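This report concerns only the one structure given below.
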Amino acid sequence: MKVFLSSDIEGTAGIVDWMQVLPGTADFELGKRLLLGEVNAAIEGAQAGGATEVVVNDSHYLMQNLPPDALAGRARYLSGRHKPLYMMEGLDGSFGAVLMVAYHGSIGHERAILSHTYNPKAVYEVRLNGAVVGESALNALVALHHGVPVVLITGDDATADEARGFAPAIEAVVVKRSVTRFAAESLHPAEACERIRAGAERAVARASEIGPPRIELPARLEVDLLTADFADMATWIAGFRRTGVRSVAIESDDPLGLFRAFVTMIALTRSIVED
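The opening position of the sequence shown corresponds to residue 438 in my numbering, with each subsequent residue numbered one higher.
Listed below in C-alpha cells is the structure:
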C-alpha cells in the first residue's frame with residue numbers, strides 16, 4: 438500500500454508560539470526537530486501497518502522543513518514552496534491512505550493552539566456544508582476526489598474534533614490540549630511519538646474500514662474574510678460569488694474543483710496582505 442503523509446507543524450507536541458514555526462529564528466530549529474520526530478514516528482507506524490511506500494509532502498510555510506536524509510523508512514520527500522495542490526500535492530488514486538501529521542485547528546474553533554485556516558491574515562472563518570472547518574477538511578476534498586481514506590490525524594484536541602466531522606472513524610492522536618490560542622499542555626515528545634507510531638499502525642491497517650472522507654456533494658464552501666477587498670478579489674475566481682461585505686461562497690459537485698478554487702483565492706489574498 439502506498440501512503441501519503443501531509444505534514445504541517447503547529448500541531449506538534451511542545452509547539453505553542455509562532456517563533457517556533459517560522460524560519461530564521463533559533464526556536465524554529467527546535468520546532469523542526471520536534472516535527473521530524475513525529476513525522477518519522479508516523480512513517481514507522483505506517484510501515485508496521487502495511488505501507489510499502491510512503492510519500493511525505495512537506496506542507497508548512499515554505500514547505501522545506503525536513504532534512505530528507507533523516508526521514509525514516511526511505512520515504513520519498515515532496516518539498517518546495519510552489520505546489521498547485523499545496524498541502525495535498527502528489528496525492529492520486531494509487532494511494533491507499535492519507536496521514537495528516539502535526540495539523541492544527543481552524544481559525545473558527547473556540548479554542549485551538551495557533552489556530553488559522555491557510556492564511557491567518559486574510560481568512561476569518563470557513564464553513565463546508567454549514568460546518569466550521571479547517572485545513573484538514575479542506576484538504577480532505579482532494580482525498581475524496583481520489584477516493585482515498587484519510588486515516589490518521591495528529592495534533593491538539595481541537596484538530597481531532599474537526600477531523601471526526603469528515604472521517605468519524607479516523608485515528609486521531611491528540612498530542613496536546615489547547616488552553617488558549619497561545620498555550621497548550623503537551624505530552625512529552627517521546628510519548629507523543631509513541632502514540633503517533635501506534636496510531637499510524639492502526640490507521641493504515643484499518644484504511645478500508647475507515648473509507649474515503651464523508652463530505653456530501655454537491656458541497657457548499659463559505660469563506661468569511663477579514664476585509665471587503667479580499668472578498669472582492671475572491672469573486673475574480675470562477676464560481677465564487679459575494680454573499681456579504683466580507684463573505685463569499687461557492688458550490689460544486691466537484692471536490693477537487695472546490696479545493697482548487699479555495700487555494701487560488703488564498704494565493705490571491707497573499708498579494709495584498711498587510712505587513
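All residues carry an ideal CB built from backbone N, CA and C; glycine is no exception.
Because the structure is a prediction, the values reported are computed rather than measured.
Taking the alpha helix (DSSP H) that Arg657 falls in, what are its first and last residues?
First-last for Arg657: Ala656 to Leu662, but that is the beta strand (DSSP E), not the alpha helix (DSSP H).
Tell me, please, whether the segment 549-565 touches the segment 660-670 by the rule of three or more beta-carbon pairs shorter than 8 Å.
The segment 549-565 is in contact with the segment 660-670.
Counting only the same chain and skipping the five closest in sequence on each side, list residues whose C-beta sits under 6 Å from that of Ala604.
Val587 and Pro650
Rounded to whole angstroms, how far is the Cβ of Glu475 from the Cβ of Thr449, which I believe are closer than 8 Å?
Here Glu475 really is in contact with Thr449; their C-beta atoms are around 6 Å apart, less than 8 Å.
Identify the continuous beta strand (DSSP E) that holds Phe696 and give its terminal residues.
It is not in any beta strand (DSSP E) - Phe696 instead sits in the alpha helix (DSSP H) that spans Pro692 to Thr706.
Exposed or buried, Thr672, counting other C-beta atoms within 10 Å across all chains shown (16 or more means buried)?
exposed
Consult DSSP for Glu562 and reduce its assignment to one of helix, strand or coil.
strand
May I ask which residues mark the beginning and end of the beta strand (DSSP E) holding Val538?
Phe532 to Val538
Since Ala549 and Ala620 are thought to touch, with beta carbons under 8 Å apart, how far apart are those beta carbons, to the nearest angstrom?
Not confirmed; about 11 Å, so no contact.
Check whether the segment 533-544 and the segment 509-520 touch, using three or more Cβ-Cβ pairs below 8 Å as the test.
Counting Cβ pairs under 8 Å, fewer than three are found: no touch.
Helix, strand or coil for Asn494? Go by DSSP, reduced to three states.
Asn494: strand per DSSP, three-state reduction.
Please report the straight-line C-alpha distance between Met702 and Gln484, rounded to a whole angstrom.
Roughly 36 Å between the two C-alpha positions.
Mapping the DSSP letters down to three states, classify Ser444 as helix, strand or coil.
strand
What residue does the beta strand (DSSP E) around Thr617 start on, and which one ends it?
Glu608 to Thr617
Taking DSSP as the reference, what is the three-state secondary structure of Val476?
helix
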